[in-house]
Structures are given as structure tokens and as C-alpha cells.
Amino acid sequence: MRLGEGPIMNEFLQSTDHFGKHLPDIDLATAKLMSTLESRPASVADAETISAIAGSVFRDAYRSAFDSEKQVEDCIATNFTPPVIRAELEAGHAWYSIGFVNGVAAGFIKLERTAAPDCVGCLPAIELARLYVLRPFHGCGIANVLMERGLEHASRSGASQVWLCVWERNARAAAFYRRWGFASVGEMLIPWGEVLFRDFVMTRRVPLAATTQPRRKLDIPFADDSVIAKLVEQFEAATWPYERWTHRAHLAVGLTYARTMPFDAALSRLRHHINLYNQTCGDPSGYNETVTILFLRKIATDFCQPNDPRPLHVIVEELVCCCSVDWLYKFYSKDRIWSPAAKASWLEPDRQPLDF
């Protein structure tokens, strides 16, 4: 489907006023159901759509930093009008790729060669200048698609590293970049009109081959209970590194909840924060209700004795040995435990009754 041909996109372009202030009426629940994720390099003909998306995302993300609506609109008029975007595309100094969810333009990424700050170092670098996704499409995975395309372009361009700036108040974006291997190397002040933004500078190396989202898990035993406390805090903030969100980490959070609150409250909290974390990581459909209840029941029944003097991290290691992922198959067939029905609600075992 070409840009602008989808019914929602047509409505978007026809109703857009003042560089995209009015957006299609797509709520988050609808966006989660959209599963066809695509991207392609932008052309000059895409300038108006990029402008509309940029204006909308800028308002949404940065409005709170400005004293007036006029300041916001002045920044948009200076940086994101169709003529500005068109000139960049015509000159070839910037590279854009547009992301689509079920044929609807949902966001874009922009890379360009710029003068990097000293903290980036001396290796050849390219700037990830923008990665903007419309709010209704947060959590659908399109940001991951765009990042993958951006890193592929960086590799083809001969850059050894990618650098970017992220606003100090944008914790969600910073967490996303960390999951993609970016690390903070410094800070800088960025003027937007009359407002000075304090940004963190982040970089990552670019391998010679095309890159994909890092998915290898780093499964390390917890050194002490303070590490588990940090895990729970960052898990609830959806900033815990994805590569460390292991089965061991799931069990540690479940044990923490089960020992500090009633079962129903622990389940509700665990369900809420797993869904939030998965959504932030681009896996909004990853939650499994039956698996969560099964492990939490086991924890609450056998590992929450009130007089147990052992540190939490020691109990977690016993849990890992006792309740591996394969332990599920003692009670459930693979087809049943990973079925859509099991993900949505509790299903009774089909192999043998629970023994706890």
C-alpha cells in the first residue's frame, strides 16, 4: 500500500491542520491489534507526511517544557514544515525512513552526518537525529523496525558508531535506546527556540553486518538482595535491561510481591507491570496469564514461609532449580500452555493436577 492510500491515512491527511495537529482517532487498544509492520526509505513526496508526524510528536513530547503554545508552534514552524523536510530530502544530506502499521504511516527515523560533540570520540559517526512515533502506535514494535533500518543505513554509510541526544526528562526514550545497546557518554545543552534543553548524549558501535534488536539473555544469579530491590524498582519503571529480563528475574519479582502482599494483589501488580514492561519493549502480546498464576501459586505456597531467615537472593536460586521453564510441562502440554486461551486467562492443567 502506498503512502496516503489507506483509509485512516487519507483521513489523517485530509483533517491535518497546522502541520498535523489533528490525528486519526486510533486508540492504544486498536494499535496493539495492528500487526503488519513495514518501513521504506522516504522520498521528496513524503515531506508533508513526515512534517505532520514530526509536529504531532514534538507537541506531545515537549509541550511541557515551553511557557506558551506560541513557542511550541514557532519551533515546529522553524524545523518541521513541509518545505524544510523537502529541502533536506532534495539535498540528500539527511536520510529518512518511514514506518507503517497496517499501511498507516506511524513514525519515522532520520539520520544525518553532523559535527559530533567531543564526548562521542574520534571514530567516524553518524547522528540519529530523530526517531518519532505517533503516540497511538507506542508499543506496537514499529520503533524497533525503524531502529533496525537506521542501524543498517549507518552500517552501509561507513559509520563506526551512531550517536544521539535524548532529553533528560524522556525516560521512556532513554530506556528504549539502552535496550538497543546505546550508552550515555556525556551531556549537552540543545536550544529549541527560547528554551534550552539538557540532553544526554548516547552512542553505540555499528557492526559491519546489518543489526537486529538484541535478544540474547544475560542470566546471572543475583549477588545480594539489593540487586533484587533494584530489579523490582526498574522493572516497575520499565527500565530494567531487556537482556536481563530472564526467568530468574521473573521469579525474583514474583517472590518479592508474594512475600509482601496478598496473592490477589501480587497477581494484579505482576500482571500490570509485565504488560507495561512488554509494551515498552515492543512485545505487547507477550504476557501469559496461566504461566504467571502457576508460578506465583507455587511461590506463595512453598517459598513464602514467615519464619524463613534466608536472604531473598538465596531463595530465588532454590526457585530457579525447582521451577525451571520445563517444570511447566509436568502439568501442561506445550500446545495448551502456550495457546492464546492460556495467555488470556487461567487454564487448568491437561497432564496432571497441580500438587501444591
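Numbering of the sequence shown is given in the numbering used here, commencing with residue 9 and proceeding in unit increments.
Even glycine gets a Cβ: it sits at the ideal position worked out from N, Cα and C.
Treat the numbers as computed from the prediction; the structure is a model and nothing was measured.
Asked, Found
"Rounded to the nearest angstrom, what separates residue 332 and residue 255 at their Cα positions?", "8 Å"
"So what does DSSP say about residue 271, is it helix, strand or coil?", "helix"
"How long is the line joining the alpha carbons of residue 150 and residue 166, rounded to whole angstroms?", "25 Å"
"What is the residue span of the beta strand (DSSP E) that residue 124 lies within?", "It is not in any beta strand (DSSP E) - residue 124 carries neither H nor E in the DSSP assignment."
"Taking Cβ to Cβ, would you say residue 47 is nearer than 8 Å to residue 105?", "yes"
"Short of 6 Å in beta carbon distance, which residues of its chain neighbour residue 127, apart from the five on each side in sequence? Order them along the chain.", "193, 194 and 209"
"Which residues share a DSSP beta bridge with residue 139?", "117"
"What is the residue span of the beta strand (DSSP E) that residue 46 lies within?", "45-49"
"Count the other CB atoms within 10 Å of the CB of residue 83; is the residue buried (16 or more) or exposed (fewer)?", "buried"
"Residue range of the alpha helix (DSSP H) that residue 329 falls in?", "320-330"
"When you compare each of 239, 346 and 177 to residue 294 by their alpha carbons, which one comes out closest?", "346"
"Whose CA, out of 101, 102 and 116, lies closest to the CA of residue 108?", "116"
"Cα separation between residue 282 and residue 120?", "36 Å"
"Identify the continuous alpha helix (DSSP H) that holds residue 350 and give its terminal residues.", "348-352"
"With the cut-off set at 8 Å, would you say residue 94 and residue 118 are in Cβ contact?", "no"
"Could you tell me whether the segment 170-188 touches the segment 229-247, using the rule of 3 or more Cβ pairs below 8 Å?", "yes"
"Quick one: give me the first and last residue of the alpha helix (DSSP H) that residue 173 is part of.", "Counting along the chain, residue 173 falls outside any alpha helix (DSSP H), though it belongs to the beta strand (DSSP E) covering 169-175."
"According to DSSP, what are the bridge partners of residue 107?", "47 and 115"
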